[in-house]
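J.:
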Amino acid sequence: MKNGSNQNWDSYYSENRDFSLMTSQALTKVLAHVDARLEKICLDLGCGTGQLTRELFHRGYTCVGVDLAESALRTAKSLTVQASSLTYIRGDLETLQSTDLPRRQFSLITCKLVIAFVKDKERFLKLAHDSLAPGGTFAVVTPVFGSKICEKKPGICVSSEEIEKQLGDRFGNVTVEPLGDVECFISHRQS
Ligand SMILES: C[S@@+](CC[C@H](N)C(=O)[O-])C[C@H]1O[C@@H](n2cnc3c(N)ncnc32)[C@H](O)[C@@H]1O
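Sequential numbering from 970 applies to the sequence shown in our numbering.
Written out as structure tokens, the structure is:
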């Protein structure tokens, strides 16, 4: 994937290709950072074919997945049991507004293998922050520069220092959870 243009994503998914799954153990590690007292409502930004969205749904979350690639959303919907607690919407993360979302306050927002493709990160982090319930968790899963993945695919990686600073500036806190080949940067909206 050379760049994040919508056309490229659509043709990628049209060839029945997909991205690496998050293991169940890795997801459990991420979920340990979520306040269990909050209602289980998740927003998966850049959900692709909904691999993570579905996993969260099966763990009891009401989920909303957002992606721009129609072919990915078609697959996500075809793999979805008819349930009002699992919905997908088409949206551009560069322009998406909280009013485009069916819910205002999510207890968990995930963003897996996506942040490297977001051009306006400041705006994106503000959207995530403002869409969280107080005490809610934002989990950014991404490969970083200097990692094994970066040797082969630098275009999908971000600077660890930069993302930590951006999250720290917006949320006032950030924790890094190593998940094997990728890192999970976790921030909470202040209560
Ligand atoms: C590497 S894939 C990861 C997909 C999914 N999160 C996963 O881990 O399987 C990146 C995803 O981000 C989506 N994406 C990239 N830029 C986007 C944008 N501006 N708005 C919405 N989705 C975008 C792509 O369509 C693609 O599905």
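Beta carbons: idealized from backbone N, C-alpha and C, even for Gly.
All figures in this text were calculated on a predicted structure; none of them were measured in a lab.
1) Taking 7 angstroms as the threshold (C-beta atoms), are F1075 and I1155 in contact?
2) Between F1107, F988 and V1151, which has its C-alpha nearest V1113's C-alpha?
3) Would you identify the three-state DSSP class for V999, choosing helix, strand or coil?
4) Hey, T1018 and Y982 are a contact pair by Cβ (cut 8 angstroms); roughly how many whole angstroms apart?
5) How many Å lie between T1168 and F1026 at the Cα?
6) What does a CB cutoff of less than 8 angstroms around L1070 pick up in its chain, not counting 5 residues either side in sequence?
7) Which of the three DSSP states, helix, strand or coil, is assigned to Y1057?
8) Counting pairs of beta carbons, one from the segment 1119 to 1126 and one from the segment 1044 to 1063, are three or more of them closer than 8 angstroms?
9) Determine the contact status of L1082 and F988, defining contact as a CB-CB distance below 7 angstroms.
10) At what residues does the alpha helix (DSSP H) containing V1138 begin and finish?
11) By how many angstroms is the C-alpha of D1138 removed from the C-alpha of R1023?
12) Alpha carbon to alpha carbon, how far is G1105 from H1098?
13) Less than 6 angstroms separating the Cβ of E1063 from some heavy atom of ligand 1?
14) Helix, strand or coil: how does DSSP classify A1085 here?
15) Could you give the residue range of the alpha helix (DSSP H) that holds A1102?
16) At a threshold of 6 angstroms, does K1122 count as lining ligand 1 (C-beta to nearest heavy atom)?
17) Should I1084 and T1111 be called a contact, given that it needs their Cβ atoms to be closer than 7 angstroms?
T.: In short, the structure shows the following:
1) no
2) Comparing Cα positions, the closest option is V1151.
3) helix
4) 7 angstroms
5) Coverage of the chain is limited to positions 970 through 1160, which leaves residue 1168 absent and any answer about it impossible.
6) L1012, V1033, V1035, I1058 and S1100
7) strand
8) No: fewer than three Cβ pairs fall under 8 angstroms.
9) Cβ atoms of L1082 and F988: closer than 7 angstroms.
10) In the sequence under discussion, the amino acid at residue 1138 is Asp, which differs from the Val named in the question. Where D1138 is concerned, the enclosing alpha helix (DSSP H) stretches over S1129 to F1140.
11) 31 angstroms
12) 9 angstroms
13) yes
14) A1085 falls in the helix class under three-state DSSP.
15) Careful: A1102 lies outside any alpha helix (DSSP H), inside the beta strand (DSSP E) at L1101 to T1111.
16) no
17) yes
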